[in-house]
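Visitor: Going down the list, the sequences are from chains A and B.
For the first sequence, the residue numbers in our numbering are 126 to 716.
For the second sequence, the residue numbers in our numbering are 37 to 504.
Cβ atoms here follow ideal geometry from the backbone N, Cα and C, with glycine treated the same way.
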Amino acid sequence: MSETREARVVKVAGPVVVAEGMAGARMYDVVRVGKLSLIGEIVELNGDFASIQVYEETTGLGPGEPVIDTGEALSVELGPGLIESIYDGIQRPLDWLYKAEGEFMSRGRAIPGLNREKKWHFKPTIKNGDVVGPGDIIGEVAETTLLTHKIMVPAGISGTVQKISEGDYTVVETIAVCTAEDGTETELKLMQKCPVRNARSVRNRLAPNQILVTGQRVIDTFFPIGKGGTACVPGPFGTGKTVVQHQLAKWVDADIVVYVGCGERGNEMTDVLTEFPKLKDPRSGEPLMKRSVLIANTSNMPVAAREASVYTGITIAEYFRDMGCTVALMADSTSRWAEAMREISTRLEEMPAEEGYPAYLGARIAAFYERAGRVECIGSPQREGALSIIGAVSPPGGDLSDSVVQATLHVVKVFWSLQARLAYQRHFPAIDWLTSYSFYKEYLKNCFEDKDRGDEMDELIVKAMALLEQEAELLEIVRLVGAEALSPANRLSLETARSIREDFLHQNAFHEVDTHTSMAKQYEMLKTILHFHKQALAAIESGVETAEISKLAVREQIARAKYIPQDDIAKITQIRKTIDEQMKELQTVSS
Amino acid sequence: MLSIKEYQTVTSISGPLMMVEMVDEAKYGHIVDVELGDGSIRHGQILQVENDKVLVQVFEGTHGIDVNRSTVRFLAKPLELAVSPDILGRVFSGLGEPKDNGPAVIPDKRVDINGNPINPYARDYPNEFIQTGISTIDGLNPLVRGQKLPIFSGAGLPHDDITAQIARQATVLGGGEFAVVFAAMGITFEAAQFFIDDLQETGAIERAVMFINLANDPAIERIATPRFALTAAEYLAFDLDMHVLVILNDMTNYCEALREISAARKEVPGRRGYPGYLYTDLATIYERAGRIKGKKGSITMVPVLTMPEDDKTHPVPDLTGYITEGQIILSRSLHRKAISPPVDVLPSLSRLKDKGIGEGKTREDHADLYNQLYAAYARGKEAQELATIMGEAALSEEDKKYMLFANKFEARYVSQNYYENRSIQTTLDLGWELLSMFENAELKRIDVKLIEKYMPKFRKTNGNTSNE
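1) List, in order along the chain, the chain B residues whose C-beta lies closer than 8 Å to that of A/ASN571?
2) Listed in chain order, which residues of the stretch 220-242 of chain A have Cβ atoms closer than 7 Å to some Cβ of chain B?
3) Please look up how many angstroms separate the CB atoms of B/ILE223 and B/ILE364, rounded, as I've assumed it's under 8 Å.
4) If you run the structure through DSSP and keep just helix, strand and coil, what is A/ILE276?
5) Determine the chain A residues that contact B/LYS480 at a beta-carbon separation under 9 Å, and present them in chain order.
6) Where do the N-terminal and C-terminal ends of the alpha helix (DSSP H) with B/HIS402 fall, by residue?
7) How about B/LEU382: is its C-beta nearer than 8 Å to some C-beta of chain A?
8) Using the Cα positions of B/MET37 and B/LYS113, report the straight-line distance between them to the nearest angstrom.
9) Would a check of beta-carbon distances place A/VAL137 closer than 8 Å to chain B?
10) Using a Cβ-Cβ cut-off of 6 Å (strictly less than) and excluding sequence neighbours within five positions of B/ILE67, which residues of its own chain qualify?
11) So what does DSSP say about B/PRO254, is it helix, strand or coil?
12) Got a sec? Which residues, its chain only, sit under 6 Å from A/GLN707 by beta carbon, not counting five neighbours each side?
13) To the nearest whole angstrom, what separates the beta carbons of B/ASP404 and B/LEU486, a pair I think is in contact under 8 Å?
14) I want to verify the contact list: residues of chain B whose CB lies under 8 Å from the CB of A/PRO477, in sequence order.
15) So, does the CB of A/THR339 fall closer than 8 Å to a CB anywhere in chain B?
16) Going by the C-beta, is A/LEU512 closer than 7 Å to any heavy atom of the ligand ADP?
17) Just to confirm before moving on: does the CB-CB distance between A/ILE133 and A/VAL179 stay below 8 Å?
18) Hey, out of B/ARG387, B/LYS397, B/ALA203, B/LYS493, whose CA is closest to B/LYS184's CA?
19) Looking at chain B, which residues of the stretch 400-433 of chain A have a Cβ within less than 7 Å of any of its Cβ atoms?
20) Does any residue of chain A have a CB that is nearer than 8 Å to the CB of B/HIS279?
21) State yes or no: is the C-beta of A/ALA463 within less than 8 Å of the C-beta of A/LEU454?
22) Runs of 3 residues minimum, wholly inside the stretch 457-529 of chain A: which ones carry the beta strand (DSSP E) assignment?
23) Using DSSP bridges, identify the partner residues of B/ILE375.
24) What's the C-alpha gap between A/ASP173 and A/LYS538?
25) I'd like to confirm the pairing. Which residues does DSSP put opposite B/LEU385 in its beta bridges?
26) What does A/LEU398 reach in chain B if we use C-beta pairs closer than 9 Å?
27) Is the Cβ of B/MET37 closer than 8 Å to any Cβ of chain A?
28) Taking 8 Å as the CB-CB limit, is B/VAL85 close to chain A?
29) Take A/SER542 and list the residues in its own chain whose beta-carbon comes closer than 6 Å to its own, dropping the five residues that flank it on each side.
30) Please report the distance separating the alpha-carbon of B/LEU366 from that of A/ARG446.
31) DSSP three-state call for A/CYS357: helix, strand or coil?
32) Would you identify the three-state DSSP class for B/PHE231, choosing helix, strand or coil?
33) Report yes or no: is there a C-beta of chain A within less than 8 Å of the C-beta of B/ILE359?
34) Could you pull the start and end residues of the beta strand (DSSP E) that B/PRO262 belongs to?
35) Using DSSP with H/G/I as helix, E/B as strand and the rest coil, what is B/GLU345?
36) Does DSSP classify A/HIS656 as helix, strand or coil?
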């Protein structure tokens, strides 16, 4: 903490406040503004004047009120207790605020991000006298049944460890003392503080080489995302961006999920809060909440804190990555984050670029997504972590030429394009199979233990995609000259493409079984649909009418395969046998 | 208490804005009274303070204000509404002053109309089904208590009839009536009176609070009107444990008033001249709907907005759709076909439907049923379009069947009288009846068990339309 400077407010315009007497303050220092001690951050310095973005509502603030520079950058507290928390944009625990202040948010409360009273059982993994450096793991805390929290040496500290011992500690008690070569002693605690605006350092960055399985068929099969990859979900309202984000947060095979609700609906966060403790992680059987951290800065909460929420989220995510975890961060929605930047920029009277957005919009978005990646973490023991970012984008009117969408598409490697047309047909997830893309497709094979199956999956995907593309062309023809003009084989292609859409791509997020599909089941389902196509094609060649094929009873079984539970997956293989039998019957009848 | 200070230092007036200088102790967001030379009073709010210069927006407009003789009083408080149980049954102006010749409200307390955001942790998830008696809402886009579900309308479409019908018929299953808070922003006298008369007829006026800013009332006042209405609603819901239905009509006029202020402040405009912070501003209104843990009351919101040129991508409907939990869209083509209410089923959506329906709430078959109705109607619509291009003869047998379904669906399910109050059971049964023209195998979205349980009844009565 630095000494109090004689600074005072001179101008208030919405979330931006100008203070004078700020000489000596640094950019991005956190300040306390006014009699209510509102939390703010310096975003512009000009001689003795500083412009401050205030993270709380500024009504009632006026010139002459005091401003105090804390001398610290905006930081988050990292340590045991993060999991299962729900924070606002500047890491104030909302459950604590609720207990302390009631149902409505009040102003000027600085509540620490981590519980100061709770004791955690710390177990050292190193001995007294060991020499450590930044990122080294010195011990563990069993935080939840799903996570053993590794305690790491904070950045910038190295030396010989003394007085380390097993025991119960709060996050601010000293667990060890680290003596540097020059003799300075630093107390190590369970908690460390880390500024949010800079990426945490890593030893090496690695290319993603594994798939992040999401259990969503259209994503995993056709447009997968890699562990450490980046994806964006743009779409107009009502196309299911949030449902896609929620589904990923629920079923993604990551160790930790950080969900940032940035300028979105309050009830959506409530939904997550009420549902996650009840849902079970399909891999461990534990409640999903035990691997989740939530950041909720809803649309009606102060706009500057919304700008910060994305950074708060990613810094927490990076911290878990540094432990060697696979982390997935969902940001819903990055457009609201960009709008917060725009609002602050406007109040600072900066020269705008496109649509009023600041000229640095693209750079900020790129820098944010670049914090994703698969990395070799710093410190010993050697370990790898991965951080994937999935950002929703809400372009005005669904127009993909929007600045935020364009800046995002520049950096991300997966594009899930949501279409209103599909949403109106209640085809969910409304991800358009013709315009979406993924650069991580080649890693998909790793999902299957035997290599042949991986190769076969590749072939199935190519075939299915060809059929879907053919469908789009054929539908054009149908629109011009009518369905009668199509050859029987083409008509079958239309039928199969419809089956791929309705029986495979369409997935009901609210159905107990259908909400999540394993890779093995995805493979079986797609194989069955294409098997039907192959057999039907053969039948047509031997003179069977397409109408007869459409009437086969087995088609209903194919349609309902998505509701077959994971444990009964053999039943899907059985469907293929039924297909063969029924086709044979048809051919005998017709001949 | 601070003493109220008076200033006669108005230096410039431009549009709805007024600059006052040499002011001491002005606070952002506080209100002022402006006394004109003739003794009349205007109201204003501080938009910006810089040293001793204060920028004030004047709600009633600045015409007639002069630089020399005007006196500005800084009231050192934000805009407030006086609340007490007596506000029920009253009519107020857009600035929260009694407009019905009744006495002033003796306040239990005065509340800042800007409110504070609800802590997301304190929210309770909306999951109680509201029966509006309108099939396209109850059956396909169910409204739940604590939801914000706007009506996207257009000039000349009957949104007034629909909001009146919702206000008249809305009930929660198992009883419970709503208190109605109505905020009129820039609508015509006729439209406002229609609504008031309707409430009077049913006696619901006793449980209603109105804030009326008509088309010829000052435009800037509209910026405060929805906030007054919501402050009243919050008081009724969270202090008096009532279930409140808030109707905001028309949000497009509100946004235009906001644009006027923004333009006067020479801010960098966003799309179509609306300010860049329109999303945030709208969110501070819409997000005040909801339920709170441990509180009996709730706020359900039905904002109405007219889409310029029926364009859904216009900033007002677009940003609204991003904040609200769905939307009910009215269709001009259905209206032309004399189908009322002309709800455009396919693009309409209720995001909270899944939590409010099903066994114990509406009926076990509800979710599957609306999925199937949607899918079939979407396909039927495609066939309808195909038929207009190539003629009905070019359709396949299957397409013809779906087109027939779409026509029947519009005529029987969508169309109903504005005074017809269909129970949810009637609406669901009507869905089954319409679907009975398909084979079971075609009903892919419905669980086989449900088809077996419900369908047989309707297969027998198929073609008999008298039991509606």
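Guide: Walking through what the data contain:
1) Within 8 Å Cβ-Cβ: nothing; A/ASN571 doesn't reach chain B, min ~33 Å.
2) ASP220, LEU222, TYR223, GLU228, PHE229, MET230, SER231
3) Actually they are not in contact, since the Cβ atoms of B/ILE223 and B/ILE364 sit about 18 Å apart, beyond 8 Å.
4) strand
5) GLU627, ASP628, GLU681, ALA684, ARG685
6) 402-426
7) yes
8) Unreliable placement is indicated for B/MET37, whose pLDDT of 46 sits below 50; the coordinate value is still reported in the next sentence. Computed Cα separation, rounded: 11 Å.
9) yes
10) GLN81, LEU111, LEU115
11) coil
12) LEU677, VAL679
13) 6 Å
14) VAL304
15) no
16) The ligand ADP is not part of the structure shown, which contains no ligands of any sort.
17) Reading the sequence as shown, one finds Arg at residue 133 of chain A and not Ile. No, they are not a contact pair.
18) B/ARG387
19) ALA421, THR423, SER424, ASN425, MET426, VAL428
20) no
21) no
22) 498-501, 509-518
23) The partner list for B/ILE375 (beta bridge, DSSP) is empty, contrary to what the question assumes.
24) 44 Å
25) B/GLN363
26) PRO156, TYR157, ARG159, TYR161
27) Here B/MET37 scores only 46 on pLDDT, less than 50, and its place in the model should not be relied on; the value that follows carries that caveat. No, because no Cβ of chain A sits closer than 8 Å to the Cβ of B/MET37.
28) yes
29) ASP557, THR560, SER561
30) 49 Å
31) strand
32) helix
33) yes
34) First-last for B/PRO262: 261-270, but that is the alpha helix (DSSP H), not the beta strand (DSSP E).
35) helix
36) helix
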